[in-house]
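First residue of the sequence shown? That's 0 in numbering that gives the first Met the number 0, and the numbers climb one at a time after it.
Idealized CB from N, CA, C, for every residue including glycine.
All figures in this text were calculated on a predicted structure; none of them were measured in a lab.
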Amino acid sequence: MSKVNDFLNECGIFYLATCNGNEPRVRPLGAHLEMDGKIIFGVGDFKEVYRELLKNPSVQIVSTKSDGHWLRYTGTAVFESDEKYAAAILDMIPSLKDIYNEKTGYKMMCFHLENATAYDIPVMGNGESLL
C-alpha cells in the first residue's frame with residue numbers, strides 16, 4: 000500500500016471514476032491517507048459521488064506524475080464505520096473542517112478499496128504492479 004500512497008502523494012491530485020447508471024463520472028480528488036494498512040479516501044455525504052459509490056462500488060483511481068508515469072488503482076469501494084479515518088483526514092487537511100462540521104451537518108465518508116489492483120505505468124512499456 001505504501002507504494003500506492005507514495006504515488007498519490009507525489010501527484011497531489013488524482014481522479015476517481017465512478018458509474019452513474021450506465022454513464023461514467025470522473026472527478027478530481029486529493030483527500031487520502033495511509034492508515035491501518037489501507038489507503039483511505041474521503042468524500043462528502045452530501046455529494047453525488049457518495050451516492051454513486053453506494054449504488055455501484057466499482058471504481059478506478061488514476062493519477063499522473065510529471066515524468067509521465069501514471070497510476071491505475073482499481074477495486075471495490077468499502078466504506079469505513081470508524082470515524083477515526085475522517086478525523087485523521089480532517090487533521091491532515093484542516094481547511095476541510097470548514098465544510099465537514101456540526102454546523103454544516105456535512106460528514107466526510109471514508110472508504111478504501113478491496114480486491115484491488117494497482118499499476119505504475121510508464122509512457123511506453125508495460126506497467127509494474129504496486130500491490
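| Asked | Found |
| --- | --- |
| Where the beta strand (DSSP E) through N114 begins and ends | M107 to I120 |
| Residues near I122 in its chain [Cβ-Cβ closer than 8 angstroms; skip 5 each side] | In the sequence on display, residue 122 carries Val and not Ile. Same-chain partners within the cutoff: G67 and H68. |
| Close beta carbons around M0, own chain, < 7 angstroms, minus the five adjacent residues each side | E33, G36, K37 and I38 |
| Every unbroken beta strand (DSSP E) within the segment 21-78, with a cutoff of 3 residues, ordered by chain | 22-28, 31-34, 37-43, 57-63 and 69-78 |
| Burial state of E127, where buried means 16 or more other Cβ atoms lie within 10 Å | exposed |
| Run of the beta strand (DSSP E) containing N19, from where it starts to where it stops | F13 to N19 |
| For E44, the nearest candidate out of C18, C109, I60 and Q59 (CA to CA) | A small fix is needed here, since residue 44 is Asp in this sequence, not Glu. Nearest of C18, C109, I60 and Q59 to D44, Cα basis: C109. |
| Y84 - containing alpha helix (DSSP H), residue span | K83 to M91 |
| As assigned by DSSP and simplified to three states, the class of E101 | coil |
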